[in-house]
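**Student:** Can you read through this structure? Questions will come right after.
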């Protein structure tokens, strides 16, 4: 039994289903077995030699068994039915010794048709029916057999050859020995030549075929060559004996008897060859492991294609995939490609996901002989392609998230600048206006000689107002320093250093302006580091280094404080790490207890 | 009489400034609401003094840019006092670096003390310098972090700050209730302690002191 092929590929699925395996197959097989038993019973009843019965029945059963397997395996081709037919046709002519004249003469007339079935079978491989020369050979062979049958049925009577005791032929129309001998000889000669031709076709295919065809089909081609050669000898002997009355090979006993036994047994070659081929193909799934192992990461299409070639044993296999940017397809190398039609020239399997094509695999049509291998390879490949699709999907989602995060960073930075501007042009400006008004009020109070209490209260209000203005200025600067936009990162960091509460030395080799959101991220990184240095680490000195690495900005803030800073404890440092991650940067902190803190940040530059 | 141009996009503040300047005996010949109007007014009026808001239309620190432009065009002939919300020594240093004499950088909230704006305006109009005490203070405190001002006595540091604000020796003497001669001697000592060369010109002296103070923080910049 074939194991069910997972994820039956679409192109394969789309092919004609052929004969349905289940019921028809079982009925045919059961019928063939019943016929075998019947033949055996008749043979035993009529006292046929046991060794003949044994070999004859064995040949029939082997054919029937091989036919059953072949039919199960590839219901859409004729291999199975043809093998089954061979099994049945084998028994035609086995009734010679029954003593029933009707059966005997029918058997003699229609014996040997399994050679036609065999010829069609080997000529058809790997297609469903023989084509070209093969078709002519098949038809010719069938015609020769039909002529021979007709001649044997209606022209021949044992009495013609001096067998007076023999049962007369009940079908005979006219007894014309000359005509019979002529037709019999000619028909057998034709069969001989045609069988040799088929054997030669087998040999030629064996020699000239692509390696993959040879690999898949050599057992059956060898068997076909042998069986067809045997058939040719058989026909040649008939022709010779009919024409001359002498045996073709005049071997002494026991060689003669043994020779004919061997000739008889050669018929077993085809079903055995077929079985050997099938069993051998089953083992060919070995490279699958290599394919599966090769899928550890997401492999490149070229690697995948060569893994596929190794697994299928088909160096010409092509892995095509849909062009994500357009309607077409791409080869493994990334060149535009076309998916061929699944036909005699190419076998095509489509892998899809919810109807959306993921990949098309174009391989040698001879591999249709081995659907189990193709099915398993496609199943593994599906994993790979599916994996790749998920990976691409994930990557796309990650890109989306990254892009949206970058937009958020820019938007947040924009927002901070807007708030600072609004404070400056709004509240701060208004408070200055209030200051002026208050100042005028105080002057008026002096001029009108107002009560000292009022003047004192006005002075107190002025003081509060000044404090409010100072606070607001600090707040605005903390939200977004105007100097950063105006003078760039080093100047803004220098200004920051003046207010840091520790002695700050700024070392910078940055001589250009960077995107606003990166400048802001760098600025606030330094601000947070300096706040930590003065507030938590009790540092007295800090060195800020700004280094322009071309494709990245490096920031370092080193202090001489207490150390022991832990990003997992304070929200300040972990917030900083998040902030840097949002611009694809990262943060390292070395802060041994008692050894100062070294904060190092890196931001990629566009 | 000192002829002045006042530029600020806020009418309330503009009128407040105008009033303080006129109370101090100046004549405001033109008001401007944007950097472009300011430049045009200065070109036409050639005033003695321009009092300029640092942030003005068309946007950003257009006032500062216009002030530097005026300095570049007219040199010492048109003196510039910039009013700002930003406590940033960087801007003051940029103005001082723009040429000889007659510049000032004052925080806007000084408008609350009429005398402070008037003093600064007069000083700048007279070719001196006026740097907001808060700006000087920021530089001084940053500098003190490096501990190098420790060589100065408290009184000397106080004197240094007044010098940095652009005060004249006489004004410093008044502030500290000392004689002008004493102040002069004290400044000589301070300068030699700090290793600075004393320059007779008022604004050079301010720039030298501010640059010295700034060195503490901006040591390795550029």
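Protein chains in written order, with my numbering: chain A, -3 to 602; chain B, 62 to 283.
Note that the Cβ used here is the ideal one computed from N, Cα and C, for glycine as well.
Using CA atoms only, rank isn't needed, just tell me which of B:101, B:144 and B:200 is closest to residue 173 (chain B).
**Tutor:** Residue numbering aside, residue 173 (chain B) sits at position 112 when the second chain is read from its first letter. Out of B:101, B:144 and B:200, B:144 has the C-alpha closest to the C-alpha of residue 173 (chain B).
**Student:** Name the chain A residues that come within less than 9 Å of residue 135 (chain B), Cβ to Cβ?
**Tutor:** Walking along the second chain from the start, residue 135 (chain B) turns up at place 74. Going along chain A, no residue has its Cβ under 9 Å from residue 135 (chain B), so there is no contact; the nearest lies around 23 Å.
**Student:** Quick check: what's the CA-CA separation for residue 123 (chain B) versus residue 95 (chain B)?
**Tutor:** Here residue 123 (chain B) refers to the residue found at position 62 of the second chain. Here residue 95 (chain B) refers to the residue found at position 34 of the second chain. Their backbone Cα atoms lie some 8 Å apart in a straight line.
**Student:** DSSP on residue 359 (chain A), reduced to helix/strand/coil?
**Tutor:** Here residue 359 (chain A) refers to the residue found at position 363 when the first chain is read from its first residue. Residue state, collapsed to three classes: strand.
**Student:** What would DSSP say about residue 461 (chain A), mapped onto helix, strand or coil?
**Tutor:** Taking the first residue of the first chain as position 1, residue 461 (chain A) is located at position 465. DSSP places residue 461 (chain A) in helix when its eight states are reduced to three.
**Student:** Where does residue 529 (chain A) sit, in a helix, a strand or coil, going by DSSP?
**Tutor:** Position 533 of the first chain holds residue 529 (chain A). Residue 529 (chain A): helix per DSSP, three-state reduction.
**Student:** One question on the structure: do residue 535 (chain A) and residue 557 (chain A) come within less than 9 Å of each other, judged by their Cβ atoms?
**Tutor:** In the first chain, the residue the question calls residue 535 (chain A) occupies position 539. In the first chain, the residue the question calls residue 557 (chain A) occupies position 561. Result yes, Cβ atoms of residue 535 (chain A) and residue 557 (chain A) sit closer than 9 Å.
**Student:** Does the CB of residue 510 (chain A) have a neighbour CB from chain B at under 9 Å?
**Tutor:** In the first chain, the residue the question calls residue 510 (chain A) occupies position 514. Chain B contact via Cβ: absent.
**Student:** Given that residue 117 (chain B) touches chain A, what residues does it touch there, using C-beta distances under 7 Å?
**Tutor:** Walking along the second chain from the start, residue 117 (chain B) turns up at place 56. Neighbours of residue 117 (chain B) on chain A: none; closest Cβ ~10 Å, over 7 Å.
**Student:** Please name the residues in the segment 336 to 366 of chain A whose beta-carbon is closer than 9 Å to at least one beta-carbon of chain B, in chain order.
**Tutor:** Cβ contacts with chain B: none found.
**Student:** Is the shortest distance between the beta-carbon of residue 494 (chain A) and the beta-carbons of chain B less than 9 Å?
**Tutor:** Position 498 of the first chain, counting from 1, holds the residue named residue 494 (chain A). Output row for residue 494 (chain A): interface = yes.
**Student:** Taking only the alpha-carbon atoms, compute the straight-line gap between residue 513 (chain A) and residue 583 (chain A) and give it to the nearest angstrom.
**Tutor:** Within the first chain, residue 513 (chain A) is the residue found at index 517, counting from 1. Within the first chain, residue 583 (chain A) is the residue found at index 587, counting from 1. So the two alpha carbons sit approximately 17 Å from each other.
**Student:** DSSP puts residue 215 (chain B) in a beta bridge; with which residues?
**Tutor:** Locating residue 215 (chain B) in the second chain gives position 154, where the first residue counts as 1. For residue 215 (chain B), which the question treats as bridged, DSSP gives no partner whatsoever.
**Student:** Please name the residue in A:111, A:99, A:69 and A:548 whose C-alpha comes closest to that of residue 85 (chain A).
**Tutor:** The residue labelled residue 85 (chain A) in the question sits at position 89 within the first chain. The shortest Cα separation from residue 85 (chain A) among A:111, A:99, A:69 and A:548 belongs to A:111.
**Student:** Where do the N-terminal and C-terminal ends of the alpha helix (DSSP H) with residue 387 (chain A) fall, by residue?
**Tutor:** Here residue 387 (chain A) is taken as the residue at index 391 of the first chain, counted from 1. Here the alpha helix (DSSP H) through residue 387 (chain A) covers 367 to 419.
**Student:** Residue 431 (chain A) touches chain B at which residues, Cβ-Cβ below 7 Å?
**Tutor:** Stepping through the first chain from its first residue, residue 431 (chain A) is reached at position 435. Within chain B, the residues near residue 431 (chain A) are 170, 172 and 173.
**Student:** Would you verify that the beta carbon of residue 513 (chain A) is, or is not, closer than 9 Å to some beta carbon of chain B?
**Tutor:** Taking the first residue of the first chain as 1, we reach residue 513 (chain A) at position 517. No, no contact with chain B.
**Student:** With a floor of 4 residues, list each alpha helix (DSSP H) that falls wholly inside the segment 72 to 116 of chain B, ordered by position along the chain.
**Tutor:** 72 to 84 and 96 to 106, all fully within the segment 72 to 116 of chain B.
**Student:** What residues of chain A sit near residue 196 (chain B), judged by a beta carbon separation below 9 Å?
**Tutor:** As a first step, residue 196 (chain B) is located in the second chain; it is residue number 135 there, counting from the start. Under the 9 Å cutoff, chain A gives no residues; its nearest Cβ is about 10 Å from residue 196 (chain B).
**Student:** DSSP on residue 281 (chain B), reduced to helix/strand/coil?
**Tutor:** To locate residue 281 (chain B), count along the second chain from 1; it is residue 220. Because residue 281 (chain B) sits at a pLDDT of 34, beneath the cut-off of 50, its placement in the model cannot be relied upon, and the point is left open.
**Student:** Are the C-beta atoms of residue 474 (chain A) and some chain E residue less than 9 Å apart?
**Tutor:** Absent from the structure: chain E. Protein chains present are A and B.
**Student:** In chain order, what residues of the same chain have a beta carbon less than 7 Å from the beta carbon of residue 275 (chain B), not counting five sequence neighbours either side?
**Tutor:** Stepping through the second chain from its first residue, residue 275 (chain B) is reached at position 214. Around residue 275 (chain B): 150, 154 and 200.
**Student:** Does the segment 163 to 171 of chain A come into contact with the segment 208 to 220 of chain A, if we say contact requires no fewer than three beta-carbon pairs (one atom in each stretch) closer than 8 Å?
**Tutor:** No, the segment 163 to 171 of chain A is not in contact with the segment 208 to 220 of chain A.
**Student:** Could you tell me the alpha carbon to alpha carbon distance between residue 190 (chain B) and residue 205 (chain B), rounded to whole angstroms?
**Tutor:** Within the second chain, numbered from 1, the residue matching residue 190 (chain B) stands at position 129. Within the second chain, numbered from 1, the residue matching residue 205 (chain B) stands at position 144. Residue 190 (chain B) and residue 205 (chain B): Cα-Cα distance of roughly 23 Å.
**Student:** Which of the three DSSP states, helix, strand or coil, is assigned to residue 550 (chain A)?
**Tutor:** The residue labelled residue 550 (chain A) in the question sits at position 554 within the first chain. The answer is strand: DSSP assigns residue 550 (chain A) an E or B state.
**Student:** I'd like to know if residue 283 (chain B) contacts chain A, where contact means its C-beta is closer than 9 Å to some C-beta of that chain.
**Tutor:** Residue 283 (chain B) sits at position 222 when you count from the first residue of the second chain. Low confidence applies here, because residue 283 (chain B) scores a pLDDT of 33, under 50, leaving its location unreliable; read the following figure in that light. With 9 Å as the cut-off, residue 283 (chain B) counts as an interface residue toward chain A.
**Student:** Would you kindly work out how many angstroms separate the C-alpha atoms of residue 226 (chain B) and residue 255 (chain B), rounded to a whole number?
**Tutor:** Numbered from 1 along the second chain, position 165 holds the residue referred to as residue 226 (chain B). Numbered from 1 along the second chain, position 194 holds the residue referred to as residue 255 (chain B). The straight-line gap from Cα to Cα measures roughly 17 Å.
**Student:** Quick one: grab the DSSP three-state call for residue 578 (chain A).
**Tutor:** Residue mapping note: residue 578 (chain A) aligns to position 582 of the first chain, counting from 1. Note: residue 578 (chain A) maps to coil in three-state DSSP.
**Student:** Among A:599, A:171, A:454 and A:509, which one has its Cα closest to the Cα of residue 522 (chain A)?
**Tutor:** Along the first chain, one-based indexing puts residue 522 (chain A) at 526. Among A:599, A:171, A:454 and A:509, the Cα nearest to that of residue 522 (chain A) is on A:599.
**Student:** Using DSSP with H/G/I as helix, E/B as strand and the rest coil, what is residue 584 (chain A)?
**Tutor:** Indexing the first chain from 1 puts residue 584 (chain A) at position 588. DSSP places residue 584 (chain A) in strand when its eight states are reduced to three.
**Student:** Taking 9 Å as the threshold (beta carbon to beta carbon), is residue 249 (chain B) in contact with chain A?
**Tutor:** One-based indexing of the second chain puts residue 249 (chain B) at position 188. False, the Cβ-Cβ gap to chain A never drops below 9 Å.
**Student:** If the cut is a Cβ gap below 9 Å, which residues of chain B does residue 465 (chain A) touch?
**Tutor:** One-based indexing of the first chain puts residue 465 (chain A) at position 469. 146, 168, 169, 170 and 173, listed in chain order.
**Student:** With a cut-off of 9 Å, does the C-beta of residue 522 (chain A) fall near any C-beta of chain B?
**Tutor:** Translated into positions along the first chain, residue 522 (chain A) becomes position 526. No, residue 522 (chain A) lies away from the interface with chain B (no Cβ there is under 9 Å from its Cβ).
**Student:** Closest Cβ-Cβ distance between residue 206 (chain B) and chain A: below 9 Å?
**Tutor:** Locating residue 206 (chain B) in the second chain gives position 145, counting from the first residue. Yes, its Cβ sits closer than 9 Å to a Cβ of chain A.
**Student:** Against chain A, does residue 73 (chain B) count as a neighbour if the rule is that its beta carbon must be under 9 Å from one of theirs?
**Tutor:** Sequence index remark: in the second chain, residue 73 (chain B) carries index 12 (1-based). Chain A contact via Cβ: present.
**Student:** What does residue 149 (chain B) touch in chain A if you count any residue whose Cβ is under 7 Å from its own?
**Tutor:** Residue mapping note: residue 149 (chain B) aligns to position 88 of the second chain, counting from 1. Correct list: 479 and 491.
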